[in-house]
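See below:
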């Protein structure tokens, strides 16, 4: 049986970034740049005031104090956005707003809190130094300087930065279209009446939320009873309209576990089935080739369709998504592969298991004697979402180990459902 690392490597080697496209800047959050962003001008593009106050000459403020204010003539006002700016003469001050262009002749701005107007004069209650409260032209970026590199994942500040240079659109990697099919005759939609023996479908709802948290579009979402003809129909539709198909349930060894055989009929190549992990052992991954292209998605511009068959138990489904599907989706979006941060923590209670599988034990973190400690949450069964909802991290219980002793140091991986 494959190890987790082997399975993840098989996934990532078969998938690659989707073709690039141009999007509006306000829609680019979470996307990955395919272009360098260069400064179209100096930033700031002109010397301007960092505060509301008075533009002055430093020499004119010498000796100013609370008990001995210096009086200067008020010779004008400059508002933000004003094109015409007066020249500052010796012995004068010009009232200035934050962001307004600095008058020629001024070499500092005194905050209004340290000055007061008296008629057509300004009383300064402290001296200033050269350049005080001035934002100099080009202090942050020079024209032609790289602002953002290709491969950068765009966050909200980056959107503001690009907009500040007047750019309204950016080139980014494509975003995978995902379909989700939850299987099982016992499933009913949340909010609908439930009969005896039925359960609410949490998987499709939670998986759709996990996709959207990454900035991925969910194109199609359905729940299907354990009928082969209906499952085939839904799988075919999902493969047609998406780059990635996620199924939940139907991948184990029961009589009603039909996903794998339906995938074979639909031309999906099975890359692997079953991984030495707990929870999530029966996880499935396959590829459907729809043309001659490689390492892209399907209807959004590429040729490969990825199929992930996730276990039906909700904790197993979500952890397999977090540990396998999420890295795949991020790679398809052009995000460079990065190793998840692993921390060392003190285990506050003994753990035991059978050898042979890596176990992801859900835990919460706390400080203990100045050190990081971790405690397993209550409810470690693969159907118990309450424990996963509380969990902050995964305690990595190696496949080769059968016990982790109380007080020992263990490796923990932070749970982060975002990109």
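Residue numbers (my numbering): 121 to 539.
Ideal Cβ positions, reconstructed from N, Cα and C, are used throughout, including at glycine.
These numbers were taken from a predicted model, which means no experiment stands behind them.
1) When the Cα of residue 495 is compared with those of 530, 223 and 425, which residue comes out closest?
2) Would you list the one or two residues that DSSP bridges to residue 513?
3) Under the three-state reduction of DSSP, which class applies to residue 355: helix, strand or coil?
4) Excluding the 5 residues preceding and the 5 following residue 445 in the sequence, name in chain order all residues of the same chain whose CB lies nearer than 7 angstroms to its CB.
5) Under 8 angstroms Cβ to Cβ from residue 386, same chain only, skipping five residues before and after it: list those, please.
6) Looking at the strands, I want to know which residues DSSP matches up with residue 168.
7) In the DSSP assignment, what are the bridge partners of residue 231?
8) Determine the direct distance from the alpha carbon of residue 506 to that of residue 67, and round the result to whole angstroms.
9) Three Cβ pairs or more, each shorter than 8 angstroms: is that satisfied between the segment 284-299 and the segment 146-160?
10) Going by the CB atoms, is the gap between residue 242 and residue 192 shorter than 8 angstroms?
11) Along the chain, where does the alpha helix (DSSP H) that runs through residue 324 open and close?
12) Excluding the five sequence neighbours on either side, which residues of its own chain have a C-beta within less than 7 angstroms of the C-beta of residue 128, listed in chain order?
13) Let me know if residue 255 comes out buried or exposed under the rule of 16 or more other beta-carbons within 10 Å of its beta-carbon.
14) Rounded to whole angstroms, what's the CA-CA distance from residue 154 to residue 270? Just pull it up for me.
15) Distance, Cα to Cα, residue 197 vs residue 233?
16) Taking Cβ to Cβ, would you say residue 461 is nearer than 8 angstroms to residue 534?
17) Quick check on DSSP: helix, strand or coil for residue 181?
18) Along the chain, where does the beta strand (DSSP E) containing residue 381 start, and where does it finish?
19) Decide if the segment 126-143 is in contact with the segment 429-440; the criterion is three or more beta carbon pairs, one per stretch, under 8 angstroms apart.
20) Give a yes or no on contact between the segment 303-313 and the segment 365-385, applying the rule of three or more CB pairs nearer than 8 angstroms.
21) Only counting runs of 4 or more residues, tell me where the alpha helix (DSSP H) segments fall wholly within the segment 260-298, in order along the chain.
Quick answer:
1) 530
2) 483 and 534
3) helix
4) 366 and 428
5) 352, 355, 356, 359 and 408
6) 221 and 255
7) 173
8) Because residue 67 is not part of the residues shown, which for the chain are 121 to 539, the question remains open.
9) yes
10) yes
11) 323-333
12) 444 and 447
13) buried
14) 5 angstroms
15) 17 angstroms
16) yes
17) helix
18) That residue, residue 381, is in no beta strand (DSSP E); its alpha helix (DSSP H) goes 379-385.
19) no
20) yes
21) 276-284
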